[in-house]
Ligand SMILES: [Zn+2]
Ligand SMILES: [Zn+2]
């Protein structure tokens with residue numbers, strides 16, 4: 001393998017992360033502090049995430065809509081006399097149309113309030129339920145310590161909001177999004193093992209009666225929350241008067257849910273699968289699964305490479321040609337490593353003279369000489385294996401860095417390098433509060449078989465404890 | 001046909017438009033003046049537009065990226081001492097992070113300036129060219145007289161920006177977007193005839209050396225600009241220092257293009273194809289092509305309707321079941337008309353007893369009894385015809401409302417109800433200026449065979465003159 005151009009993970013993980021983001025051409029800092037430019041390669045990964053997630057959300061019955069970027073100040077701040085009194089995460093538009101606005105306008109930090117208002121209009125009768133809405137949009141939360149993809153002042157996300165006639169209906173739907181949409185997406189597309197659990201009261205979303213979360217371990221042993229799905233009880237419906245006329249002619253309050261996932265997942269992907277040579281993109285997600293490289297110019301070399309691309313495309317592999325022979329081959333190979341393209345097929349005059357090409361695998365590692373006619377089969381097989389291999393490696397890493405503990409001190413110790421598992425009955429809210437003082441949190445509560453507890457006080461409940469991004 | 005619930009077009013066209021937008025559940029006004037909520041049905045139309053346009057843009061070689069919502073004030077306003085001095089279309093964030101910003105931030109009215117800055121970074125060598133970028137995003141231009149989809153303070157759009165080594169390369173690409181992407185999209189997906197032409201110097205985009213436009217006629221005889229593609233010469237490259245090192249080792253300025261289309265096209269779609277019963281959605285665009293309706297409950301009726309849906313899906317028709325028998329059938333039928341769903345298949349107990357269903361066509365009009373086994377063929381055939389019929393009707397309407405004229409007075413008269421065609425050599429910039437005083441503009445310059453003139457002074461050039469949205 002070529003020498004890495006990145007800071008090694010073991011030396012300085014945050015620096016390694018920054019290096020990958022820059023050198024794999026994923027993103028760049030925008031001119032306004034805390035904002036990001038998602039570069040074409042990074043955006044092509046996001047587009048594939050979005051398309052797959054969107055399909056799953058639609059299969060769960062939700063429909064997309066679009067709500068405005070601007071929210072009246074009065075929706076978010078009841079008392080502030082001057083804009084300095086607003087929550088620091090809010091960006092406030094005070095001037096537009098060439099003059100000062102009578103009422104300042106907030107750039108949405110979420111569309112919750114506007115969506116709530118319209119859900120109230122749209123749920124008139126039991127026939128309108130369930131109302132299942134989703135939105136893909138940019139949102140703004142001013143960040144003082146920004147970090148690309150993980151914490152940016154502007155990010156892209158989807159937020160779902162649903163209204164149901166019964167508590168049971170809302171509960172089932174929040175669970176469906178948690179498991180059938182988010183967990184399945186992370187496992188099957190991102191090749192990321194996630195722990196499914198519920199949040200403790202301390203970590204729960206304000207206004208939620210239950211927050212379901214998905215937590216993934218990064219290469220440095222820290223946790224990243226990859227998505228959440230909230231049961232909101234009737235709290236949200238009461239605040240926005242989301243009610244309906246029942247079949248029995250009574251006006252009833254709805255039960256609602258909300259759920260979201262964002263460009264943060266790209267950060268999770270990088271930190272879960274990346275290594276000292278760059279990103280490693282799971283093959284089902286990869287915009288380019290196989291890069292067919294002309295090593296150097298020569299009689300029939302480019303034609304052979306084109307033929308390989310055709311064979312791969314015909315086999316359903318997303319293949320792309322790299323015939324930029326005026327750029328040194330080594331630089332192009334390093335670039336493909338950095339970008340984490342799962343397979344490189346190197347086509348050069350010497351190999352070709354023997355009717356062969358070289359297949360280089362980014363994920364499993366290794367180079368093999370493959371006869372021209374067999375390339376498509378070898379590559380397609382590698383991609384299948386690579387998905388499993390990446391998932392298994394991430395799981396093994398998580399297991400190796402996870403310790404079952406009995407005391408708070410042991411938990412504090414274990415979370416220096418990974419996660420601690422401790423019975424929630426032993427830890428409890430007080431132990432949780434004491435760990436929180438050192439930045440260690442209960443990521444979620446789960447059951448020994450990996451399922452989600454119905455309630456906190458089930459005696460089998462295990463707290464997954466760690467430091468988090 | 002059921003009685004219309006809309007203001008008739010002939011009575012009050014703007015009112016008709018508002019009625020359709022509201023009653024077909026396309027969109028609603030947002031809480032901040034000038035903003036809009038795109039409702040699920042309206043958004044499903046936009047999503048299909050976006051997916052098809054995106055595919056065509058990618059086929060033309062451009063790659064998507066994402067640039068920040070916020071732009072430093074200094075990028076857009078060099079002199080303004082206070083934010084009141086900014087252009088009235090700009091929305092200005094003055095507070096964020098809980099305090100007043102040192103430098104106000106503009107909510108992007110376009111991403112041109114930021115994209116320009118990054119294009120300058122990314123075009124180092126001739127190997128980086130052409131650089132073909134596109135972005136899908138929301139933009140904000142404060143509107144004092146907003147109108148949903150047509151003029152809103154926030155709208156969704158795509159903006160493309162490309163850099164080329166030669167003038168010829170830039171020109172060819174602007175033309176490719178104009179014809180192979182925009183015109184083909186409008187003709188083949190939206191079933192809208194558009195006139196392709198170049199703008200006069202007066203109507204040209206500031207900074208462009210040539211603006212290519214697509215103009216469509218609405219049902220009231222007015223014009224709507226559906227998209228533009230600009231050649232920017234080296235003006236933009238000079239302003240942002242977008243240059244590259246040539247093969248000969250010289251630093252050269254690039255030649256750039258930009259091009260855009262937006263949610264405005266939804267307004268165009270409504271006003272081009274809509275009638276007194278609502279929207280008519282071209283079948284290739286329609287999210288639901290055939291709505292299979294259970295007329296009323298009855299032995300085996302719903303099962304039969306489900307079977308029809310399956311048959312249609314198997315035939316590649318986007319079909320949906322409407323089994324909401326607790327809502328009056330008449331209301332559901334009116335709703336389907338309003339939404340412009342191309343075909344309704346009505347499944348009722350009486351017809352079913354004779355092994356038949358009723359196929360109702362929204363675009364061609366008419367009801368037919370069709371034997372159960374033949375529904376899929378009849379519907380699929382109707383959809384093919386409907387695309388052509390819609391296109392032909394729009395073209396016939398445009399032709400009927402277009403008058404060839406010889407004088408400015410005749411042009412003024414003709415543009416009360418439609419378009420005037422007049423030799424540009426006779427009209428000239430002075431005639432253009434005089435018409436502009438009464439709100440009549442040269443929409444574009446075109447040639448008798450429908451092609452785009454290379455230059456204004458070609459003696460065959462025809463001015464397409466009209467009132468515009
Ligand atoms: Zn002021
Ligand atoms: Zn202030």
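Residue numbers (the UniProt record's numbering), protein chains in the order written: chain A, 1 to 469; chain B, 1 to 469. Heads up, the beta-carbon is just placed ideally off N, CA and C, and yes, glycines get one too.
Between residue 286 (chain B) and residue 232 (chain B), the alpha-carbon positions lie close to 36 Å from each other. By the criterion of at least three beta-carbon pairs nearer than 8 Å, the segment 285 to 303 of chain A is not in contact with the segment 234 to 245 of chain A.
Residue burial annotation: residue 144 (chain A) is exposed, with fewer than 16 other C-beta atoms found within 10 angstroms of its C-beta. Residue pairing by DSSP places residue 157 (chain A) opposite A:137, A:262 in a beta bridge. Of the residues B:126, B:416, B:290, the one whose Cα lies closest to the Cα of residue 248 (chain B) is B:126.
With respect to residue 63 (chain A), residue 40 (chain B) sits close: the two C-beta atoms are nearer than 9 Å. Under the DSSP assignment, residue 116 (chain B) falls outside any beta strand (DSSP E), being part of the alpha helix (DSSP H) whose first and last residues are 112 to 122. Counting along the chain, the unbroken alpha helix (DSSP H) around residue 426 (chain B) starts and ends at 424 to 436. Taking 9 Å as the cut-off, the beta carbon of residue 14 (chain A) is found closer than this to the beta carbon of residue 147 (chain A). Where residue 36 (chain B) is concerned, the enclosing beta strand (DSSP E) starts and stops at 36 to 38.
Considering only B:397, B:399, B:362, the residue with the shortest C-alpha distance to residue 382 (chain B) is B:362. Close CB contacts of residue 433 (chain A) within its chain, under the 8 Å cut and outside five residues either way in sequence, are with 202 (chain order). Taking 9 Å as the threshold, the shortest C-beta distance from residue 15 (chain A) to chain B does not fall below it. For residue 217 (chain A), no chain B residue has a C-beta closer than 7 Å to its own C-beta; the minimum C-beta separation is roughly 28 Å. When CB distances to chain A are screened at a threshold of 8 Å, the residues of the segment 54 to 79 of chain B falling below it are 63, 64, 65, 66, 67, 68, 69, 70, 71, 72, 75, in chain order. Contacts with chain B at 9 Å (Cβ-Cβ) do not include residue 180 (chain A). Across the segment 148 to 171 of chain B, CB contacts with chain A closer than 8 Å involve 153, 154, 156, in sequence order along the chain. Those residues of the segment 233 to 252 of chain B placed with their C-beta closer than 7 Å to a C-beta in chain A do not exist. The C-beta of residue 28 (chain B) comes closer than 9 Å to at least one C-beta of chain A. Each residue's CA atom was taken as its position, placing residue 436 (chain A) and residue 86 (chain A) some 27 Å apart. The beta-bridge partner set that DSSP reports for residue 461 (chain A) is empty. Residue 206 (chain A) and residue 468 (chain A) do not touch by the CB rule: their CB atoms are close to 18 Å apart, not below 8 Å.
Here residue 69 (chain B) has 107, 108, 137, 138 as same chain residues with Cβ atoms under 8 Å from its own Cβ, once five neighbours each way along the sequence are excluded.
Distance from the CA of residue 120 (chain B) to the CA of residue 31 (chain A), rounded to the nearest whole angstrom, comes to 14 Å. Put simply, the backbone Cα of residue 246 (chain B) is about 31 Å away from that of residue 277 (chain A). Proximity of the segment 98 to 118 of chain A to the segment 45 to 61 of chain A falls short of the contact definition, fewer than three beta-carbon pairs being nearer than 8 Å. Less than 9 Å separates the beta-carbon of residue 95 (chain A) from that of residue 91 (chain B). Out of A:353, A:426, A:268, A:377, the CA that lies nearest to the CA of residue 410 (chain A) is found in A:426. Annotation: the segment 291 to 373 of chain A contains the following complete segments of the beta strand (DSSP E) (minimum length 3 residues), in chain order: 319 to 322, 343 to 347, 356 to 361, 367 to 371. Residue 346 (chain A) is not a Cβ neighbour of residue 327 (chain A), given a cutoff of 9 Å. For residue 385 (chain B), the secondary structure class from DSSP, reduced to helix, strand or coil, is helix. In summary, residue 399 (chain B) is exposed, with fewer than 16 beta-carbon neighbours lying within 10 Å of its beta-carbon over all protein chains present.
In this chain, the alpha helix (DSSP H) harbouring residue 74 (chain B) covers 73 to 76. Judged by beta-carbon spacing, residue 386 (chain A) lies within the 9 Å limit of residue 364 (chain A), meaning their Cβ atoms are closer than that value. Contact of residue 87 (chain B) with chain A is assigned, a C-beta pair being separated by under 9 Å. Taking 9 Å as the threshold, the shortest C-beta distance from residue 261 (chain A) to chain B does not fall below it.
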